[in-house]
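Protein sequence lines correspond, in order, to chains A and B.
The opening position of the first sequence corresponds to residue 51 in this note's numbering, with each subsequent residue numbered one higher.
The opening position of the second sequence corresponds to residue 1300 in this note's numbering, with each subsequent residue numbered one higher.
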Amino acid sequence: MQMSPATASFESPPIDTVGVEERVARLCSRSIKKDAKLQALHLTLSMIDLTTLEGADSEGKVRQLCAKALQLHAALPDLPHVAAVCVYPALVGVAKRALEGSGINVASVATSFPAGQAPIEIKLLEVRKAVEAGADEVDMVISRGRCLAGDFAYSADEIASVKEACGEAHLKVILETGELGTLDAVRRASDLAMRSGADFIKTSTGKIKPAATMPVVLVMLEAIRDHYLRTGEKIGMKPAGGISTAKDAIRHLVMVRETLGQDWLDPDLYRFGASSLANDVLRQIVKQRSGIYQSFDDFSL
Amino acid sequence: MSEQRPAAAADRLPVLKTHKVYVGGKFPRSESGRLDRALAPDGTPIANICRCSRKDVRDAVTAARAAQAGWAARTAYNRGQILYRIAEMLEGRSGQFEALLAAGGTTPDQAAAEVQTATDRLLHYAGWTDKFQQVFSSVNPVATSHFNFSILEPMGLVGVLAPESPLLGLVSSIAPAIAGGNTTVVLVTGSQPLPATTFGEVLNSSDVPGGVVNILTGRRDEMLAPLAAHRDVDALLLCSPDPGIARSAEIEAVHNLKRVAVRPHDDWKNIQSPYEITDLQEVKTTWHPIGS
């Protein structure tokens, strides 16, 4: 493959797929119970980006989601609040007003989410509008088509200009790993995003399956670790899509702890993009405290 | 089947079957991997059975909940067809069930009679699926300008403590629950669990959607309390002559105000009635405004 100038300066290491899968399998076999489990569940809640990204989203639905973010479960007022609420740019203002003064960030997807197939000027305008409306975090998608065609310079430039348009807002770069195909491509895209200015790298849009599988996340975590060892810069990680149970979330936390260490077990550096995860975590917390298995009917949407 | 082994097998080490549990249309082992021995009356081991824990109860409830809406949405006629199909499959394997009952100490004549009665019981409830609604629903006289009517709806997810009667009691408790559109988690804790686990195999080959009936084997003191307390279980059918057991389960059941029905029978030969179905139904009354 011909290397474009922007990527010629770095080489991503090859990925041993079998090795990654074995490592993941071993990490999944850890048993986290009782107090440690409860602690992990609370941490998971504080790391959730409560997300709604549907064509049918309305102001009412976003306000309802924000109410949920402010109070996850009326019966348990001592729970931590989620890290952010993630919506489309058109609804950022609604979310911002609803969450004012709560410490919960508003994240907005932008750059023609989820496909990213729009002219760069439109993407940048979308980012600026989202930030103007009050978004604290911007989730952009990379141009997978260009990446797969080997045009890494285009993607690097694109990420850099979006970062500039973000201003103060944090930038999360969605790789959409389900479309990248191989773990090697995931690693390359992760390296590319981190070198181009990403504050977070994120697996998926949630619109395509497979999304945040454990091997993909492990490869991205290792890319973050290598970046940190090389530059001293701590990049955040956000798996999104397909993590719907508390058990999955705890497995991810184990993997983060083992790959990146304690520093990353923090909502500033690790997030879960999820819509249904919160309720399962709540269910498990109530079960853990009361000893009684819970019904989803007992938790708000 | 044990008593039909050829004589030449006397010096052969028998292959004991592990009777696995039936959850969500699959046959997994218990989550913990624990096993119990099923013994013949003379103490010789005849099979291995799974000893389930509360985690298996949890998984079974998840499977039953997932299946409930789809099962209730089937037409009553279709549920009848499927119950009839269970009867067909049970009839086809009557020899196996007679042998299992005989291995548990029932005489061959009694065993044959029990399998036949169990099969007929399935036919009875297969017939009722699309009829109990007509019999028990009503249009109610009211003094206001409303069209007022009551219909029956399934409770939802029914937890069943299976009776000691290994086949007839089991069938008589499950059939009315599923005939009315409920899904079930059945705890088999008696001294003869093998007919129940084998009945799971019958269900699996009878067009019954996975998760409609889930059969767990093990010990009552490990499984009943978590099932009775589980907030996603809507009703309990407790088949036990011991009032203490029913009472302790009822106390656990108050968390979400489950319907509790108790069946203390020892002999299940005549326990067959549409009221067995309606005991696991909820009455919904609608007030529909009409012009005066």
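Every residue gets a Cβ at the ideal spot worked out from N, C-alpha and C, and that includes glycine.
These numbers were taken from a predicted model, which means no experiment stands behind them.
If you check the CB distance, B/V1457 and B/A1534 come in under 8 angstroms. The alpha carbon of B/A1478 has as its nearest neighbour, out of B/K1354, B/R1518 and B/N1377, the alpha carbon of B/N1377. Considering only beta carbons, the part of the region 332-344 of chain A lying closer than 7 angstroms to chain B consists of I342, Y343 and Q344, in chain order. Just so you know, the alpha carbons of B/L1486 and A/V267 end up roughly 40 angstroms apart.
Counting other Cβ atoms within 10 Å of its Cβ, B/Y1424 reaches 16 or more and is therefore classed as buried. Judged by DSSP secondary structure, B/R1558 falls within the beta strand (DSSP E) whose first and last residues are R1558 to V1561.
Counting along the chain, A/K111 sits inside the alpha helix (DSSP H) bounded by residues E109 to L120.
The beta-carbon of A/D330 is placed no less than 8 angstroms from the nearest beta-carbon of chain B. For the region 1349-1371 of chain B, the set of positions with a beta-carbon nearer than 9 angstroms to some beta-carbon of chain A reads R1353, V1356, R1357, V1360 and R1364 in chain order. In the three-state reduction of the DSSP assignment, B/M1454 falls in the coil class.
In the same chain as B/P1465, and ignoring 5 residues on each side of it, the C-beta atoms closer than 7 angstroms to its own belong to L1400, G1403, G1489, Q1491, P1494 and A1495, in chain order. Listed along chain A are I342, Y343, Q344, S345 and D348, each with a C-beta nearer than 7 angstroms to that of B/R1530.
Residues of chain A whose Cβ lies closer than 7 angstroms to the Cβ of B/H1554 are, in chain order, I342.
In terms of Cα proximity to A/E229, the closest of A/A219, A/V304 and A/A199 is A/A199.
For A/L100, the enclosing beta strand (DSSP E) has its first and last residue at I98 to T101. By the criterion of a C-beta distance shorter than 8 angstroms, A/P317 is surrounded in its chain by S96, M97 and A133, once the five residues flanking it on both sides are discounted.
Interface annotation, B/P1327: not in contact with chain A, CB-CB separation never under 8 angstroms. The beta-bridge partner set that DSSP reports for A/M287 consists of A/I251 and A/Y320. Using a CB distance cut-off of 8 angstroms, B/P1525 counts as an interface residue toward chain A. Between the region 1526-1544 of chain B and the region 1466-1477 of chain B there are three or more C-beta pairs closer than 8 angstroms, enough to call the two in contact. Taken atom to atom, the span from the alpha-carbon of A/K259 to that of A/A239 is near 18 angstroms.
With a beta-carbon spacing of about 4 angstroms, A/K222 and A/F250 fall inside the 8 angstroms limit used to define contacts. Pairwise C-beta distances place the region 1309-1318 of chain B out of contact with the region 326-346 of chain A, as fewer than three of them are shorter than 8 angstroms. Residue environment for B/V1501: buried (at least 16 other C-beta atoms within 10 angstroms of its C-beta).
Sorting A/L100, A/G282 and A/L242 by C-alpha distance to the C-alpha of A/M270 places A/L242 at the top.
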